[in-house]
Every structure is written in structure tokens, then in C-alpha cells.
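Right, one structure below, let's go through it.
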Amino acid sequence: MKNNWWKALAAVLLLYTAVAGLLVPVPRLAILNETIRNLYFHVPMWFGMTFILIASVVYSIRYLRNPTPELDIRSHEAARTGILMGVVGLATGSIWAKYTWGTWWTNDPKLNGAAIAMLIYGAYLVLRSSFTDEQQRARISAIYNIFAFATAMPLFYILPRLTDSLHPGAGGNPAFAKYDLDDNMRLVFYPAVIGWTLLAFWLAQVASRIALLKQKVYEKQLA
Amino acid sequence: MLLREIWYLIQKDFRLEWRQRAALSGMLLYVGSTVFVCYLSFALRGGELPVPAWNALFWIILLFTAVNAVAKGFLQESQGRLLYYYTLVQPQAVIMAKIVYNALLLLGLALAGFGLYAVVLGNPVQNMPLFLANVVLGAVGFASTLTLVSGIAAKATNSSTLMAVLGFPLMVPMLLLLIKVSKNALDGLEFDASRSSLLTLVALNLIVSAVSYLLFPFLWRS
């Protein structure tokens, strides 16, 4: 029980995000209006995705140092959770863009970068499915995972800063300079980031436990 | 020691390439015919190619050439020969030699392609030194990204599809920067306008090469 406090924290923070995110007053800004509340849902997805992908890379590195099936499963499930967060982030962003910029998708370095990152991790899943030998699959997908992370992160954190765009966090701005988040918003935003990140780790943990159990059942059947 | 090994391996790669000239001339023909197909399809419309289209087309041709040229790097080597290298040299030497060799090969192909491309489709480049520097960075970047990818793809069953699926998204950050700098060179902008992009390109190349250097020993063992 004592190792599960962070799950309770995640649940409480997310509940708080959902309630306070929709009720606490927000600044009245032209065009954004009430859609600014999406900040509590859209932006934390990318935080969650980045952290869970970092965790996936860490598991991959540990796998290469000490190959065990468990580390491989954990790295794989973390990457899959990262993809889920990324897809939800793209979807919430797309809806937000529709109501503020008037289009579902625009040619913007951040949007394109996020889409390409999803393609890169999609390729990771394809790579995994194209091996029959388990050890080889684990080793080579760990290698690709590390390599992909090293080339995908510039897409998120370097390229958008070199180009001007509609999206906050571009053209030299570190993310929130334009918004000047007011104190009320900070009170919801930071817990939301922590809550969604914890949820990502929780999802990855549950998924890896299911995968590990399935593997155990499979081994029992073979024996 | 490592440098000597790299040097020998590069020599070996070039010698192999020279002995089986079919592959080399095949790649040259690949570039040539792609350029010519593009020329013919635009000639139908008549008139000059607009500059942004010229730029995009040039880099797309180079991208496909690079994927095809690098893909055969590890596929060509038989399992037995790889095992033989394993007993002789360090894995780091193998990957570094392959990257350098692929970079030189791609540079040659890119320059040949650019020559033909400029002859048939016109040459709107206004800042030639910047453009050529960009092509060099592009060749090195493509080589460093794709060499490890080709090593990964060679281990799998459906390697040719996998090469494209794994390679293309990974090349996008590099490709975006290259096209941007190339556009600056086409418009004849000063060097200062592209400095930060060029530096980012160099940094990206270094990151990718360093990660390849660290990861290849693990790939090789399997």
C-alpha cells in the first residue's frame, strides 16, 4: 500500500483538474475566451508524453546493459503510453485550433513536429512486429528507441524555437511568455501537469503488469 | 588504433564498390533517370520550374537516392563476412567507417545529381558556396542517420519496407533544416541569415553520429 500513494495523488490531482479547470475563473482574452481552459488538458499531455518517453528510453538503456524480458516489456509499454498521450495531445490541440485559429490543422512546426514524432514511434511498433525472435526484437527495438528519441526530441524542443508561428512556444519564446499565466491558472495548471504525468506512469505500469502476466501464463502453458 | 581500423575499412568499402561497379553505376543511373523523369514531367507543362518547387524536388530526389544507396550498405555484406570483421576490428570502427564511406558516396551522388539537375532544369542558386556547404552537411547527415537505420533494418525480415518506414520520419528534422538553408542559398541571402540553422544541422549530425557510435556495438552482437 505504501508504494501506491502516487496513484491516489494522480486521482486526486486529476479530479481537482477536472473540477477546478472548468470552474475557476480564467482571464478574459480575445479569441481564446473560455477555450483557454484547454490549457489544463492539452499542454500536460505533452509533458506526460515527454516524461514517459524518457522513462521508455531509460528502460531501453537498462535493457542493453542488462537484458531481461521485464525491462523490454516496460520500455515497450512506456513507449505505447507515450504514443497514446501524443495522440490525445494532437486531438485536443486540433480541437483547440479549430475554435481559435479556425482550422483543424495548420502548417506549424510544432504541429508537424508532433505528427512526425508519432510517425517515428509508429515505426517503432512496426519494427517490433517484424521480428520473430524475442531476444533480437527486444535488443533491436531498444536500439531504435534510443536512436529515435535522440533524433525526435530536436523536433519538439529545438526546431519550433527557430521558426515563427501561431503556436505559443515558438519563435524564440519559451512556452508561456505570451500567455502570462495568471496566478489562478497556475494553481490549476501545475497540478494538472503533475496529475497527467502520474497517470501516464500509472497506465504504463498497469499495461506492463498485464503484459508480464500474459507472458507468465504463456510460459506455464508451454511447460 | 581505432583510426587505423576505420581507415582500412573505408579503403575496403571503396575497393569493394569499385570491383562491383554495377551497384555504383546503378545508383548513378537511378539519380540520372529520376532527374530526367522530373524534367520531362515538368517540361510537359512548359516553362520554368518555380524556385520553391525546384528546391523541394531537389531534396526529395536526394532523399530517395540516399535511402536507396545506404540501404544496400549492410544488406550487401554477407553474415559470414560480418562475423569475420567481428574477429578483426572494433564495432565502433565498422560503424564510423560505414558512415564516412556513405557520406562520401552520397556527396558524390548529390553533386552528380545536382550537375545534371542544373543542366536540365536550370540553376537558380544565387549563393553557391552556401548551397554547396549545405549539400555537404546534407550528405553527412543523411549518411549518419541512415547508416544505423540500415543496420537495424538488415536484421529484420522485411528490410526494404522497414528501411523507408524507419528512415523517413527520422530524417524529417534534418530535411526541414536543409530545405530552409537551401532556400536561403537560392534566394541569395547572406550567410548570417542561415547561421543558426547551419549550426543546428552540425549539432544534429554530431548527436546522431555519437548515438550511432554508442549503439552499434549492441546491434552488432546480435
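So the protein lines, in turn, are chains A and B. So the mapping is simple: my numbering equals the position in the first sequence, first residue as 1, plus 3. For the record, in the second sequence the residue sitting at position 213 is 203 according to my numbering, with numbers rising by one throughout. Built from N, CA and C at the ideal position, the CB exists for glycine as well.
Any idea if residue i is buried or exposed, counting beta-carbon neighbours within 10 angstroms, 16 or more meaning buried?
| i | result |
| --- | --- |
| residue 196 of chain A | buried |
| residue 44 of chain B | buried |
| residue 31 of chain A | exposed |
| residue 163 of chain B | buried |
| residue 213 of chain A | exposed |
| residue 3 of chain B | buried |
| residue 80 of chain A | buried |
| residue 221 of chain A | exposed |
| residue 211 of chain B | exposed |
| residue 113 of chain A | buried |
| residue 125 of chain B | buried |
| residue 40 of chain A | buried |
| residue 198 of chain B | buried |
| residue 136 of chain A | exposed |
| residue 153 of chain B | buried |
| residue 206 of chain A | buried |
| residue 60 of chain A | buried |
| residue 140 of chain B | buried |
| residue 34 of chain B | exposed |
| residue 190 of chain B | buried |
| residue 180 of chain A | Here the model assigns residue 180 of chain A a pLDDT of 47, short of 50, so the residue's position is not dependable and the matter cannot be decided. |
| residue 217 of chain A | exposed |
| residue 227 of chain A | In the structure as shown, chain A starts at 4 and stops at 226, and residue 227 of chain A therefore has no counterpart that could be examined. |
| residue 12 of chain B | exposed |
| residue 93 of chain B | buried |
| residue 187 of chain B | buried |
| residue -7 of chain B | exposed |
| residue 158 of chain A | buried |
| residue 52 of chain B | buried |
My guess is that residue i and residue j are in contact by the Cβ rule of under 8 angstroms, so how many angstroms apart are they, rounded?
| i | j | result |
| --- | --- | --- |
| residue 39 of chain B | residue 112 of chain B | 7 angstroms |
| residue 168 of chain B | residue 8 of chain B | In fact, because the Cβ distance is near 29 angstroms, the residues do not count as touching under 8 angstroms. |
| residue 148 of chain A | residue 82 of chain A | 6 angstroms |
| residue 121 of chain B | residue 175 of chain B | 4 angstroms |
| residue 199 of chain A | residue 89 of chain A | 12 angstroms between Cβ atoms; not a contact. |
| residue 204 of chain A | residue 55 of chain A | 7 angstroms |
| residue 70 of chain A | residue 141 of chain A | 7 angstroms |
| residue 99 of chain A | residue 38 of chain A | 6 angstroms |
Determine the contact status of residue i and residue j, defining contact as a CB-CB distance below 8 angstroms.
| i | j | result |
| --- | --- | --- |
| residue 97 of chain A | residue 104 of chain A | no |
| residue 143 of chain A | residue 145 of chain B | yes |
| residue 0 of chain B | residue 107 of chain B | no |
| residue 156 of chain B | residue 142 of chain B | yes |
| residue 117 of chain A | residue 92 of chain A | yes |
| residue 148 of chain B | residue 133 of chain A | yes |
| residue 41 of chain B | residue 114 of chain B | yes |
| residue 225 of chain A | residue 73 of chain A | no |
| residue 118 of chain B | residue -4 of chain B | no |
| residue 146 of chain A | residue 209 of chain B | yes |
| residue 202 of chain A | residue 17 of chain A | yes |
| residue 58 of chain A | residue 191 of chain A | no |
| residue 116 of chain B | residue 16 of chain B | no |
Figure out for me which residue from the options has the closest Cα to the Cα of residue i.
| i | options | result |
| --- | --- | --- |
| residue 127 of chain B | B:108, B:96, B:150 | B:96 |
| residue -2 of chain B | B:88, B:31, B:52 | B:88 |
| residue 101 of chain A | A:35, A:158, A:13, A:217 | A:35 |
| residue 46 of chain B | B:208, B:188, B:173 | B:173 |
| residue 10 of chain A | A:208, A:218, A:219 | A:208 |
| residue 165 of chain B | B:117, B:135, B:153, B:140 | B:135 |
| residue 158 of chain B | B:178, B:137, B:177 | B:137 |
| residue -9 of chain B | B:67, B:14, B:78 | B:78 |
| residue 128 of chain A | A:87, A:19, A:111 | A:87 |
| residue 131 of chain A | A:160, A:78, A:159, A:189 | A:78 |
| residue 32 of chain B | B:94, B:200, B:110, B:123 | B:110 |
| residue 151 of chain B | B:-6, B:54, B:67, B:71 | B:54 |
| residue 156 of chain A | A:6, A:119, A:111 | A:119 |
| residue 160 of chain A | A:53, A:8, A:6 | A:53 |
Are the C-beta of residue i and some C-beta of chain D separated by less than 8 angstroms?
| i | result |
| --- | --- |
| residue 89 of chain B | The structure shown has no chain D; the protein chains it does contain are A and B. |
Three or more C-beta pairs below 8 angstroms linking the stretch 148 to 155 of chain A and the stretch 111 to 128 of chain A: yes
If contact is defined by three or more beta carbon pairs under 8 angstroms, each pair taking one atom from either stretch, is the stretch 188 to 204 of chain B in contact with the stretch 81 to 90 of chain B? yes
Could you check whether the stretch 193 to 202 of chain B touches the stretch 115 to 133 of chain B, counting it as contact only if at least three pairs of C-beta atoms, one from each stretch, sit closer than 8 angstroms? yes
Touch test, the stretch 21 to 34 of chain A against the stretch 61 to 76 of chain A, Cβ-Cβ under 8 angstroms, three pairs minimum: no
Cβ contact (3+ pairs, closer than 8 angstroms) linking the stretch 173 to 187 of chain B and the stretch 99 to 108 of chain B: no
Would you say the stretch 45 to 60 of chain A touches the stretch 185 to 205 of chain A, given that touching needs at least three Cβ pairs under 8 angstroms? yes
Quick check: the stretch 18 to 33 of chain B against the stretch 62 to 71 of chain B, are there 3 or more CB pairs under 8 angstroms? no
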